[in-house]
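**Student:** One structure is given below, represented as structure tokens, and several questions about it will come after.
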């Protein structure tokens, strides 16, 4: 569903500053998963059942059921640092930061018959999760993920957002109207004096470019650093709300511009 146009103030209670870091007191510098014993006589059937239950729990966003499929202490490898989750309660509390959008996608795409396995257990996706039989029960013992400060805005890949912002600034600085028009999600909501105008096509955007991409909008955009943006469920805010960016399908795009 297309996000509605926003009349933005910087003082949004739910807004998150990208510079914030999630930290745990047990963080250490290691990236290797803990070795676990695999009992090969039962692994195949038990893993298939485990994967089915895990996918069901994640698809239904059932935090407690997912927690029951983890081995504790659970190793979370987040951007190269190991964080230990000691209990189910702690896992549930940190669920959204552990089971990120990338982890969800890879788990839900995994086919049991195509799962790589070795002496460490079964590898889900590209290594986002490792599973083994522990105390006669199939459990996940390691989850590998990375920090995505833009995830709450619905953006899957932080590197893709950083590149998008860089490209957008480059094209705006060059006054390349056609290229900028291709970085918009239509209809574009342009808000001014309490009224919203919908720009429905690239051609319409190009025609009204100078009225939409004002000097102030350009200045705020060009001064914006990717690691100093405000983020919430509505998207990534540029400047003081002059522009809003989010992801639509697989495309990152500008969807709202607020003028004074």
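Residue numbers (mature numbering (1 follows the signal peptide of the UniProt record, and there is no 0)): -23 to -1, 1 to 237. Just so you know, even glycine gets a beta-carbon here, dropped at the ideal spot from N, CA and C.
Cα-Cα, which of 114, 112, 94 is closest to residue 106?
**Tutor:** Residue 106 sits at position 129 when you count from the first residue of the chain shown. When only C-alpha atoms are compared, the closest one is 94.
**Student:** So what's residue 123 in DSSP terms, helix, strand or just coil?
**Tutor:** Translated into the one-based positions of the chain shown, residue 123 becomes position 146. In this structure, residue 123 counts as coil in the three-state DSSP scheme.
**Student:** Quick one: what's got a C-beta closer than 7 angstroms to residue 15's C-beta in the same chain, skipping five residues either side?
**Tutor:** Looking up residue 15 in the chain shown gives position 38. The predicted position of residue 15 is uncertain, since its pLDDT is 41 and thus under 50; no value can be drawn from it.
**Student:** Cα-Cα, which of 49, 131, 81 is closest to residue 227?
**Tutor:** To locate residue 227, count along the chain shown from 1; it is residue 250. Answer by Cα proximity: 131.
**Student:** List in chain order: all unbroken beta strand (DSSP E) runs of 3+ residues lying wholly within the segment 118 to 204.
**Tutor:** 161 to 169, 172 to 176
**Student:** Apart from the five residues on each side of it in sequence, which residues of its chain come closer than 7 angstroms, Cβ to Cβ, to residue 146?
**Tutor:** On the chain shown, position 169 is the one that residue 146 refers to. For residue 146, where only same-chain residues beyond five positions count, the Cβ hits under 7 angstroms are 198, 199.
**Student:** Using DSSP with H/G/I as helix, E/B as strand and the rest coil, what is residue 209?
**Tutor:** Within the chain shown, the letter at position 232 stands for residue 209. Strand.
**Student:** Measure the alpha-carbon distance for residue 229 versus residue 76 and round it to whole angstroms.
**Tutor:** Along the chain shown, one-based indexing puts residue 229 at 252. Along the chain shown, one-based indexing puts residue 76 at 99. Computed Cα separation, rounded: 22 angstroms.
**Student:** With distance defined between alpha-carbon atoms, name the residue in 173, 161, 170 nearest to residue 180.
**Tutor:** Translated into positions along the chain shown, residue 180 becomes position 203. The residue with the shortest Cα to Cα distance from residue 180 is 161.
**Student:** Are residue 129 and residue 190 closer than 8 angstroms when you measure CB to CB?
**Tutor:** For the purposes of this step, residue 129 is taken as residue 152 along the chain shown, with counting starting at 1. For the purposes of this step, residue 190 is taken as residue 213 along the chain shown, with counting starting at 1. Their beta carbons are not under 8 angstroms apart, which means residue 129 does not touch residue 190 by this criterion.
**Student:** Going by C-alpha distance, which of 192, 159, 169, 170 is nearest residue 177?
**Tutor:** In the chain shown, the residue the question calls residue 177 occupies position 200. If we check each option's Cα against that of residue 177, 159 comes out closest.
**Student:** Assign residue 85 to one of two classes, buried (16 or more other C-beta atoms within 10 Å of its C-beta) or exposed (fewer than that).
**Tutor:** What you label residue 85 is simply residue 108 of the chain shown in a count that begins at 1. Under this definition residue 85 is an exposed residue.
**Student:** Using three-state DSSP, classify residue 97 as helix, strand or coil.
**Tutor:** To locate residue 97, count along the chain shown from 1; it is residue 120. Residue state, collapsed to three classes: coil.
**Student:** Whole angstroms is fine: what's the gap from residue 170's alpha carbon to residue 208's?
**Tutor:** If you number the chain shown from 1, residue 170 lands on position 193. If you number the chain shown from 1, residue 208 lands on position 231. Approximately 24 angstroms, taken between the alpha carbons.
**Student:** Between 134, 56, 65, which has its C-alpha nearest residue 39's C-alpha?
**Tutor:** Sequence index remark: in the chain shown, residue 39 carries index 62 (1-based). Of the candidates 134, 56, 65, the one whose C-alpha sits nearest the C-alpha of residue 39 is 65.
**Student:** Just the Cα atoms here: how many angstroms apart are residue 216 and residue 116?
**Tutor:** Position 239 of the chain shown, counting from 1, holds the residue named residue 216. Position 139 of the chain shown, counting from 1, holds the residue named residue 116. When rounded, the distance between both Cα atoms is 45 angstroms.
**Student:** With a 10 Å radius around its C-beta and 16 neighbouring C-beta atoms as the bar for buried, classify residue 27 as buried or exposed.
**Tutor:** Walking along the chain shown from the start, residue 27 turns up at place 50. So residue 27 ends up on the buried side.
**Student:** Determine, using beta carbons only, whether residue 35 and residue 121 come nearer to each other than 8 angstroms.
**Tutor:** Along the chain shown, one-based indexing puts residue 35 at 58. Along the chain shown, one-based indexing puts residue 121 at 144. No, these two residues do not count as a Cβ contact at 8 angstroms.
**Student:** Would you kindly check if the distance between the Cβ of residue 142 and the Cβ of residue 232 is under 8 angstroms?
**Tutor:** Looking up residue 232 in the chain shown gives position 255. Looking up residue 142 in the chain shown gives position 165. Not in contact: residue 232 and residue 142 (Cβ atoms no closer than 8 angstroms).
**Student:** Judging by CA-CA distance, which residue of 25, 68, 235, 69 is the nearest neighbour of residue 168?
**Tutor:** Position 191 of the chain shown, counted from the start, is the residue given in the question as residue 168. Considering only alpha carbons, the answer is 235.
**Student:** Anyone know if the C-beta pair for residue 213 and residue 138 falls short of 8 angstroms?
**Tutor:** Stepping through the chain shown from its first residue, residue 213 is reached at position 236. Stepping through the chain shown from its first residue, residue 138 is reached at position 161. Their beta carbons are under 8 angstroms apart, which means residue 213 touches residue 138 by this criterion.
**Student:** Whose C-alpha, out of 125, 210, 63, is nearest the C-alpha of residue 203?
**Tutor:** Within the chain shown, the letter at position 226 stands for residue 203. Nearest of 125, 210, 63 to residue 203, Cα basis: 125.
**Student:** Tell me the DSSP secondary structure of residue 105 in three-state form.
**Tutor:** Walking along the chain shown from the start, residue 105 turns up at place 128. Coil at residue 105, not helix or strand.
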